[in-house]
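Here the structure is laid out as structure tokens; the discussion comes afterwards.
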Amino acid sequence: MEGELVQPAPEETPRDANPANVGLELFGYVGIEAVLDQMRIKTMKTGFEFNLMVVGQSGLGKSTMVNTLFKSKVSRKPTGPGYEERIPKTVQLQSITHVIEEKGVKMKLTVTDTPGFGDQINNENCWDPIIKYINEQYEKYLREEILISRKRKIPDTRVHSCVYFVPPTGHWLRPLDLEFMRRLSKIVNMVPVIAKADTLTLEERAEFKKRIQKDLKAHGISVYPQEDFDDNSDDRILNNKIRDKMPFAVVGADKEHQVNGKRILGRKTKWGIIEVENPAHCEFPLLRDLLIRSHLQDLKDITHNVHYESYRMQRLNESNRLALSPINGLLGKDEVESDL
Amino acid sequence: MDKEYVGFATLPNQLHRKSVKKGFDFTLMVAGESGLGKSTLIDSLFLTDLYKDRTLLDAQARIPQTLVIERRAVELEEGGVRVKLTVVDTPGFGDAVDNADCWGSIVDYIDQQFEQFFRDESGLNRKNITDGRVHCCLYFLSPFGHGLRPLDVAFLRAVQHKVNIVPVIGRADALTPREVGAMKEKIRQELEENAISIYQFPDCDSDEDEEFKAQDAELKRSIPFAVVGSNDIVRETKEKAFRGRTYPWGAVEVENPAHCDFLKLRTMLVRTHMHDLKEVTQEIHYENYRAQCIQSLSRVGARDRASRMKLSRQSATELPLLPLETEKLIREKDEELRRMQEMLQKMQAQMQQSQGEQSAAL
């Protein structure tokens, strides 16, 4: 039948692959586009993995933001007023994994929280545990990848996106923010957001954003979406629009209130209700669209093709220097032998 | 002539007139991390524009993050009463990555003011002493945390016995009413846990009227004050104009007690307790400092007893720390001690004699 295409195997070079014939017009319906359906069915069966890390001082609404993003109690923080929260003395990394499902698509979401970041009097090097964690995930993936008989689907625990919460001072980025972002934007996709933005008026927000953008540029920090990875001009236009608005001024809420007869997620104060999903109130919808609706796959691709590759290159170069003897730190001899 | 009426009931009025003529000095220190609305609040409290021309520097122009102490003075006048208000600001506090001991210069500043006053007070010409001592320290807590941060605890511990601390929660429009209540509760609890003594409102006299007592109790319950500051006037309708901040979802009225505690803070700081803050600074904090100072001096003096005579002749030029009055005090005390010791020796000698006589008699 015309519409049935067998597995699109890359080895088979269809006649159209000849560069001179690219864009050859088909004089009938071949059904190539059915490939998209096949991919869709396959991914629905296997599901997605997405790993998100949230970093910021305590009390900036990280857990609430995650719950709001995924519309479920992903973060196990009780919201009652009597909750005791102690600031840990060193930065801890806590990962929680949930499987959430929407319209038949399953997503295995892992959120890594970092309590203790930036809360001490001396915050020197408080970013080290985080860098270590991210590199450990790359290392895990690398080890799986260089095995002789690999798993069909390597479990992906690499951090696809790191959301950094900037406190809404309205002034400028603090030295801690700059230090952290400078280091981490090199190894992971960094998405800075202005936390608890309901304390800034619209003019203050705009001013703050401009200053932050200037600061980031002055220090050579490239946040997601990075300019260097725009594939084509369409992408660039789209991403430029996003870059203009970053960092997004967000407000998180996990309580619903009655507004105009509808139940809306928001924060109720004496002077009004802040609607979290109302783009006139805050930019939470933009963040959600970026992370989930439009750029989720792109985040994963850049993590895999850029950040992971540079880590891999670094590691392989390091080990080549210790070349002749059994490569330390890469392949344990046992691993190799057990697979034979 | 009315025998019963002497007329000294007019004394408070005389005092009042004198103070009005003389004017008040008040020094307020503001401390806390940057971005908590300190400058805006000061401008709102005193309806001034002390900070109007402040420009926020960008990344390149910024001075490296060490704490600086800035003083801004303004003369306010209302109803014939003049107040010379000095605001001591502490930009750079808590801004660096490593904030260990960033409060050192603040503590030094407070001590310096005490020392200056001590010297002036002990000096010969006391006519025109200017009181630069810090009468009140408004410490801004972040509304984004879950109570006190380690830096807050360290700072408050360092200054609690040197200055009147009034903790406030800055940028309180970030919190819903329930969150405000929870935060205040948590902070009060943590202040107690860490044994930090903040400024205590004096209790009302029992003969004050009920309304005043109720107001006072309400004030005490609201510590720490959750404040929002603004000098921008919002015009909602032609009739309704107020100072506040406009958001897409509504406008915060700074002077609305249901929105924030700004009015309570202003009442307390300016209208009812300004004088008490000055008194507590004079009677408790300054006296503590003075006593400590003298004690340490007298310890030094006792050790150098032999060479003290020589020292004092040179002391006027070489040891500026020992004003002549204190020297005299120390010498007098030493004399007393010597006299007491002599008496003791005499008594002991007498006792020995009488014992000797008793044993001889047996």
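So the protein lines, in turn, are chains S and W.
Residue 1 is where the first sequence starts when you use the numbering used here, and the numbers rise one by one after that.
Residue 341 is where the second sequence starts when you use the numbering used here, and the numbers rise one by one after that.
Even glycine gets a Cβ: it sits at the ideal position worked out from N, Cα and C.
Bear in mind the structure is a predicted one, so any value in this text is a computation, not a measurement.
ask   = Of the choices S:55, S:138, S:96 and S:52, whose alpha-carbon is the least far from that of residue 304 of chain S?
value = Its Cα nearest to that of residue 304 of chain S, the residue S:138 stands out among S:55, S:138, S:96 and S:52.
* Asked: Nearest-angstrom Cα distance between residue 252 of chain S and residue 557 of chain W?
  -> When rounded, the separation of the alpha-carbon atoms in residue 252 of chain S and residue 557 of chain W is 35 Å.
query: When DSSP builds the beta bridges, which residues end up paired with residue 449 of chain W?
result: Partner(s): none; residue 449 of chain W has no beta bridge.
_Among S:162, S:115 and S:173, whose alpha-carbon lies nearest the alpha-carbon of residue 486 of chain W?_
From the listed residues S:162, S:115 and S:173, the smallest Cα separation to residue 486 of chain W is found for S:115.
Notebook entry, point to check: Any beta-carbon of chain S closer than 7 Å to the one on residue 592 of chain W?
Noted result: At least one chain S Cβ lies under 7 Å of residue 592 of chain W.
Look up residue 653 of chain W in the DSSP assignment and say whether it is helix, strand or coil. Residue placement at residue 653 of chain W is poorly supported in this model, since its pLDDT is 44, which falls under 50; the coordinates still yield a value, given next. For residue 653 of chain W, the secondary structure class from DSSP, reduced to helix, strand or coil, is helix.
* **Under 9 Å from the C-beta of residue 439 of chain W: neighbouring residues of chain S** => Ordered by position in chain S, the residues that pass the 9 Å Cβ test against residue 439 of chain W are 120, 121, 122 and 123.
Checklist entry - Taking 6 Å as the cut-off, is the CB of residue 122 of chain S close to at least one heavy atom of the ligand SAM? => result The ligand SAM is absent from the structure shown, which contains no ligands of any kind.
Next on the checklist: Less than 6 Å between C-beta atoms, sequence neighbours within five positions excluded: which residues of the same chain meet that for residue 526 of chain W?
Outcome noted: So the list reads 487, once near-sequence residues are dropped.
_Taking the alpha carbon of residue 228 of chain S as the reference point, which residue from S:202, S:294 and S:306 has its own alpha carbon closest?_
The residue from S:202, S:294 and S:306 with its alpha-carbon nearest to that of residue 228 of chain S is S:306.
*What are the boundary residues of the alpha helix (DSSP H) that residue 262 of chain S is part of?*
DSSP places residue 262 of chain S outside any alpha helix (DSSP H); the residue lies instead in the beta strand (DSSP E), whose first and last residues are 262–269.
Please report whether the beta-carbon of residue 589 of chain W lies at a distance below 7 Å from any beta-carbon of chain S. Chain S, which has a Cβ nearer than 7 Å to the Cβ of residue 589 of chain W, makes this yes.
Check whether chain S comes within 7 Å of residue 511 of chain W, counting only Cβ atoms and requiring the distance to be less than that. Interface residue, yes.
- Query: For the segment 232–258 of chain S, which residues have a beta carbon sitting closer than 7 Å to at least one beta carbon of chain W?
  - Reply: Per Cβ criterion, the list is empty.
Any chain W beta carbon closer than 7 Å to residue 225 of chain S: Look at residue 225 of chain S: its C-beta is not under 7 Å from any C-beta on chain W.
key: Cutoff 6 Å; reference residue 364 of chain W; Cβ partners in own chain excluding five residues on either side   = So the list reads 423, once near-sequence residues are dropped.
Check your understanding: Between the beta-carbon of residue 271 of chain S and the beta-carbon of residue 594 of chain W, is there less than 7 Å?
Key -> For residue 271 of chain S and residue 594 of chain W, no; Cβs fall outside 7 Å.
- Query: So, do the segment 24–34 of chain S and the segment 138–158 of chain S have three or more beta carbon pairs nearer to each other than 8 Å?
  - Reply: No, because fewer than three Cβ pairs between the segment 24–34 of chain S and the segment 138–158 of chain S fall closer than 8 Å, the two stretches do not touch.
Considering only the beta carbon of each residue, do residue 170 of chain S and residue 203 of chain S sit closer than 7 Å? Not a contact, by the Cβ cut-off of 7 Å.
At 4 residues or longer, what runs of the alpha helix (DSSP H) sit wholly inside the segment 85–153 of chain S?
Whole alpha helix (DSSP H) segments, 4+ residues: 128–145.
*Short-range partners of chain W found in the segment 159–182 of chain S, where Cβ spacing is below 9 Å*: Answer set for the segment 159–182 of chain S: 167, 168, 169, 170, 171, 172, 173, 174, 175, 176, 178 and 179.
In its own chain, which residues sit with a C-beta less than 6 Å from the C-beta of residue 52 of chain S, not counting the 5 before and 5 after it?
111 and 161, listed in sequence order.
**Asked** Got a sec, what are the start and stop residues for the alpha helix (DSSP H) residue 46 of chain S sits in?
**Response** In the DSSP annotation of this structure, the continuous segment of the alpha helix (DSSP H) that includes residue 46 of chain S starts and ends at 34–46.
Assigned secondary structure, residue 424 of chain W (DSSP; H/G/I helix, E/B strand, else coil)
In the structure shown, residue 424 of chain W sits in a strand (DSSP, three-state: E or B).
**Prompt:** What do you reckon, are the CB atoms on residue 426 of chain W and residue 371 of chain W nearer than 7 Å?
**Reply:** Judged by beta-carbon spacing, residue 371 of chain W lies beyond the 7 Å limit of residue 426 of chain W, meaning their Cβ atoms are not closer than that value.
Compile a chain-ordered list of the residues in the segment 276–302 of chain S whose CB is closer than 7 Å to at least one CB of chain W.
The residues in question are 280 and 281.
*asked:* In the DSSP output, which residue or residues are listed as bridge partners for residue 585 of chain W?
replied: In the DSSP output, where bridge partners are listed per residue, residue 585 of chain W has W:592.
(request) Please classify residue 600 of chain W: does DSSP put it in a helix, a strand, or coil? (result) Looking at residue 600 of chain W - three-state DSSP - the assignment turns out to be coil, as it is neither helix nor strand.
Determine the closest residue to residue 62 of chain S out of S:192, S:36 and S:122, with distance taken between C-alpha atoms. Closest by alpha carbon: S:192.
Using a threshold of 7 Å, state whether the C-beta atoms of residue 56 of chain S and residue 165 of chain S are closer than that.
It is a contact, given that the beta carbons lie within the stated cut-off.
Do you know offhand how far residue 434 of chain W's Cα is from residue 369 of chain W's?
Whole-angstrom Cα-Cα distance: 16 Å.
Query - Inter-residue Cα distance where the pair is residue 163 of chain S and residue 189 of chain S - result: So the alpha carbons of these two residues sit roughly 8 Å apart.
* Considering only the beta carbon of each residue, do residue 215 of chain S and residue 173 of chain S sit closer than 7 Å? -> The Cβ atoms of residue 215 of chain S and residue 173 of chain S sit closer than 7 Å to each other.
Short CB-CB distance (under 7 Å) between residue 399 of chain W and chain S: Here the model assigns residue 399 of chain W a pLDDT of 47, short of 50, so the residue's position is not dependable, and the following value carries that caveat. Yes, because at least one Cβ of chain S sits closer than 7 Å to the Cβ of residue 399 of chain W.
Practice item. For the segment 183–211 of chain S, enumerate the residues whose C-beta is nearer than 8 Å to any C-beta of chain W, in chain order. Key: Answer set for the segment 183–211 of chain S: 195, 196, 198, 199, 201, 202 and 211.
*Applying a beta-carbon distance threshold of less than 7 Å, which residues of chain W neighbour residue 267 of chain S?*
The contacting residues are 516.
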